[in-house]
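Contents: one structure, followed by commentary.
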Amino acid sequence: MLIFNTARETKVSAEDILRQAFADRLGAGVHVSAVFTDSERSGAVGIAGLPFRLPAIQELLKLPAVAALLPAEAGASALFAANGEGTELSLYIRHAGRAEQTVAIPKATASEALAQLQAAPGWAGILNAEGEHVIDLRSPVPGPHFAVNLLLGNRLQFPHPLQTTPKSVVDRFGGGSFRSHAATQVLATRWDMRQEENGFPANRQFYLFEDGQQIFYSADPGEAAIESAICRHSQNATVISYRTRCGLEITRTIFILPHSEGLPLATEIQQIEIANHGEGDRRLRLVYTGMFGSAAPGALFEDVLYSNVIMQGGVLQDSSGGVAAISPDYYPEGGRHDLRFHTMIVHGAEGPLLPREYCVSYNEFVGTGSLHRPAGALKLSSILHRKGPGFFAVAGEVHIPAGSVVTIDQLTGLVSDKSGAPWSETVLADEVGPLLARFADRSAAESALEESSGFVREYGKFLQVSSGDRDFDVFVNRNLPFQVLYQSFVSRSFCQTQKGYREIGFREIQDLYASMYYFASMGRSGLVKSLLKEWTGMVFEMGYAYHNFFWVGKEPGKWSDDALWLVQAVYRYVMLTGDLEFLDESCPVAGQETSRPVFETLKAIIVYSGRISVGRHGLPLLDFADWNDCLKLDDTYLNGPAKEERYRKQLQAGGVFGDPLDSDYSESVMNAFLLKVAVDELSVLAARKGEQDYAAELERFGAELRGRIQYHAWKDNFFARVLFNRYENDEYTYLGAAGDGLSSDPASDGSYFLNSFSWSILSGCADEGQITVMLDTMKSHLMTPFGLKLVSPVALGRVSSHTASDEYFPGDRENGGVFKHACMMAAAAMFKGAKEVLDTELAAELGRFGYWLLDRIMPFKTMEDPFAICGNPRFCTQYNNSETGENIGPMLSGTSTWLTLSLMEALGIEYTAQGIALNPILREEQTEFAYTLKLGGSSYRIRISKPEGFRRTQDSTAHMIMDGRTLEGGLVPAIDDGLSHEVELRFRG
């Protein structure tokens, strides 16, 4: 009889077996690492006495002497246990039906095992005082995202920075890949089922040879010849250091060059420093490798042959034959405008030297060896092959006298017509030549790194907090701003696992909600305005938008929420800068050769989403989906152009413009909340613009919209998520509250969606009683130890043919995962509600709940239980599995943006026309909190003090002083006067 077992159906774990076998030795609070002894899974082997959950037994069993101690008999279990000081190791064995035995461990074996166990608590590395992640390369890592860094170039002062800013992913070994504009690969991304492999394994790696023998490979830190190997992931740079037993110290520094006029659009540098601490001179051979990205990546899914035969090897050489750059040559015209290249400069005693050997054939290079031990590296052929792939290796001789240091610069990049620079047949030489000239100076890389790091530091100065919690402060001051910055360019399309060709999503303008404050603090409001105009130009005349875009837009009007996010972005920008004139600036209309003022585009969005594309209850249609991409409930949906065509026919048949589209499509309640926000904010902008009649019209419409939401979408204990119109027998009338008939949990009275709570508050639609009821409902149906689930168990298959509940296991992603992006929207809503509700007890509960959510989302919390929580300790990941708590990833989402917005809400930072409205909600146990806000040349040092307990400005005695002068109304003047100001907000007992 054959029995099929699966991970989720397996009820007994190896730890369970071990705890049962050694119950008297393993108390409830003892951490255990265990594996099964064989496939029968009746016995287990493990280790007890760990500080937290670690894969310790897996690592111990890699030691042959330890593995040899295990019993051979099936069903037997073995327990290793270290004493409290970690100085003694015991082994207990229990055979089925027999008494426990104690087995003597040879002294040498115990010593080897204990040394590994003593190092185990440090396997995840540390976060230092600068927010850098320091990792031992010879330790196991918790997950694919954990030991990864993100790098960003800087093209802010050059054309199209939104789409041309280069990005890199760097793992702890220096691997990964590199992109230039949009999705254009420079160093090849690797498509593989293993999440741990982002790029081709040869990328950024190098070898050292001495006397014909390989003595070092950068991707193999476990070699016996290596004494130590440490990676330090910093904000926008990665430094990897090795010490060898033969006296070499090797340091790799990887970052992307800030762009300079006349240089390639994108250049990544790896500076390699080799210090000779020995007594004798060293003559080494350095061989550096990589794989260029394909000019036709789509062909990799269909015809790899095509990808190879459309290219040939190419080399740019100086007059002496030195290799100025390896650069593949593409035959199709489309590939000839993105020229990839790599060059190496050895800074020796004789000055800068270029390589004199190269190889462009992977097979020739590896030969009968492997990538770790290539057979063809001792002499590169310098043959240019007639086809791809785009592998490259370059070699140079490195002479290092005793006590000296030699530097080698590796420059990998792309010359492109997307840079805006003049294009000609000699453009590769025209741009690589000045690059070589600049880096002929060995200090050029250090200067470029300082420029790159300095920009990131300056960017982060908008908000610098001082809470007394070092980990929190370092995260908010260093790592959080950088992730927001990274996501503001080329969108969320590129990180460790997000490596396909996902384009800039229109709704990802949300990232600009946060980054605009940082840019404005640097005096770069003009950049924010240019980015806003790029998005505004993706909106059609009727008011729907392209769903995604790089150089051209795609999927117009397919997702219903897209254009609504633009209104919030423009509102935030105007409130921040006071730039009302922006509303009158002309912007292209998508799909046409015409333009119109930004304000007219916003008005069109309101008409489309609020008047035309609405259902029978007067709420916006769902279309293909809304913010929740997996909420696909109308199989016969219409995209924007199709809807526009049908509406035109409706008008021709006697309809009136502004009447709803005649349909039985479903309505998105979340979109209705987004529309309410857009209507309210556009009303404020209209009033400030002097268009009082339109402002009053919007006020009336907003009140009418709120009435519809209340009447049709409130369902006794929660706001519905979707309203159905297509069921004539009313089999299903709504989704997302008690009585919807769509819960897949028999014990639940309905399904529940987190965003219905969040946006009902953020839009000002929910009243105090409804908030109270929804809090109780969320605690019953959405709350987990790891955060709030996006949705409770729901049987969407009853109302649709393709949804999240069909796609994912329960607890994963949109099928009940802890979607941290949505959790931070909820936190922002809770802090907003805590300021607005009249009931002080409810306000306090909202404040506590908001901080409870923040504590579950903070990435540095990963370090408390790294091998169970996984994730990345410096960057927010997208979601956690709601059953296990594991950070599944990916790394990029709206989490970092909405975490920033939630913190601003909690700290009381709201930019208004009158100034900064300071209205904080601090933790009840906090009595002091300080932060600095930067605005151009001015800074505001804000200190908040209060007694323990809940306090807020509306019902507490609060006194605010700026520069010794009392401020009324809780408003801090936001004036860029170049001065430093001191603001103190005191809550009295």
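If you want the working numbering, it's the 1-based position in the sequence shown plus 180. No residue lacks a Cβ here, since even glycine has one placed at the ideal position from N, Cα and C.
Asked, Found
"Same chain, Cβ closer than 7 Å to Thr952, five either side skipped, listed in chain order", "Leu1022"
"Where the beta strand (DSSP E) containing Cys1003 begins and where it ends", "Counting along the chain, Cys1003 falls outside any beta strand (DSSP E), though it belongs to the alpha helix (DSSP H) covering Lys1000 to Glu1016."
"The stretch 988-1006 / the stretch 1057-1077 touching (three or more Cβ pairs under 8 Å)", "yes"
"Distance between beta carbons of Cys945 and Lys856, contact taken as under 8 Å", "6 Å"
"Same chain, Cβ closer than 6 Å to Phe216, five either side skipped, listed in chain order", "Ala194 and Ala224"
"Between the CA atoms of Gly737 and Asn819 - distance to the nearest angstrom", "5 Å"
"Rounded C-alpha distance that separates Thr757 from Thr1137", "31 Å"
"Extent of the continuous alpha helix (DSSP H) to which Met696 belongs", "Gln690 to Ser701"
"Segment limits, alpha helix (DSSP H) that includes Asn851", "Val849 to Lys869"
"CA nearest to the CA of Ala1093, picked from Arg1166, Leu240 and Ala867", "Ala867"
"Outcome for Ser1160 when other beta-carbon atoms lying within 10 angstroms are tallied against a minimum of 16", "exposed"
"Delimiting residues of the alpha helix (DSSP H) encompassing Thr957", "Glu948 to His961"
"Backbone secondary structure at Gln872 - three-state DSSP", "helix"
"With 16 other Cβ atoms within 10 Å as the buried cut-off, status of Ile183", "exposed"
"Ala262 versus Leu428 - alpha carbon distance", "36 Å"
"Beta-carbon gap between Met1038 and Phe652 smaller than 9 Å", "yes"
"Close beta carbons around Asp925, own chain, < 8 Å, minus the five adjacent residues each side", "Ser972 and Pro973"
"Sequence-distant residues of its chain with Cβ nearer than 6 Å to Asn995 (five each side left out)", "Ala984, Ser985 and Tyr988"
"Sub-9 Å separation of Ile315 and Arg374 beta-carbons", "no"
"Residue span of the beta strand (DSSP E) that contains Gln394, given as start and end", "Gln393 to Tyr397"
"Bridge partner(s) assigned by DSSP for Met492", "It should be pointed out that residue 492 corresponds to Gln in this sequence rather than to Met. In the DSSP output, where bridge partners are listed per residue, Gln492 has Asp509."
"Check whether Gln450 and Ile434 have beta carbons under 9 Å apart", "yes"
"Asp649 versus Asp204, Gly311, Ala1048 and Gly266, residue with shortest Cα-Cα distance", "Gly311"
"Burial state of Gln690 (16 or more Cβ within 10 Å)", "buried"
"Close beta carbons around Ala893, own chain, < 6 Å, minus the five adjacent residues each side", "Val849, Phe899 and Ala900"
"Alpha-carbon spacing of Gly470 relative to Leu519, whole angstroms", "15 Å"
"Residue of Gly1169, Ala784 and Met1071 minimising C-alpha distance to Val328", "Met1071"
"Buried versus exposed, by CB contacts within 10 Å (16 or more), Asp896", "exposed"
"Under the three-state DSSP convention, the category Gly1078 falls into", "Correcting the residue type first, residue 1078 is Trp in the shown sequence and not Gly. Residue state, collapsed to three classes: helix."
"Residue nearest to Leu903 in terms of C-alpha spacing, selected from Glu847, Glu861, Leu934 and Ala917", "Glu847"
"Residues sharing a beta bridge with Ala770, DSSP", "Phe720"
"Under 9 Å between C-beta atoms of Ala455 and Ser623", "no"
"Residue interval of the beta strand (DSSP E) (run including Lys895)", "Note, Lys895: premise wrong, no beta strand (DSSP E); not H, not E."
"Identified DSSP bridge partners for Ser414", "Ala417"
"Straight-line Cα distance separating Val1152 from Phe720", "39 Å"
"Burial state of Tyr465, where buried means 16 or more other Cβ atoms lie within 10 Å", "Checking the sequence, you will find Arg at residue 465 rather than Tyr. Under this definition Arg465 is a buried residue."
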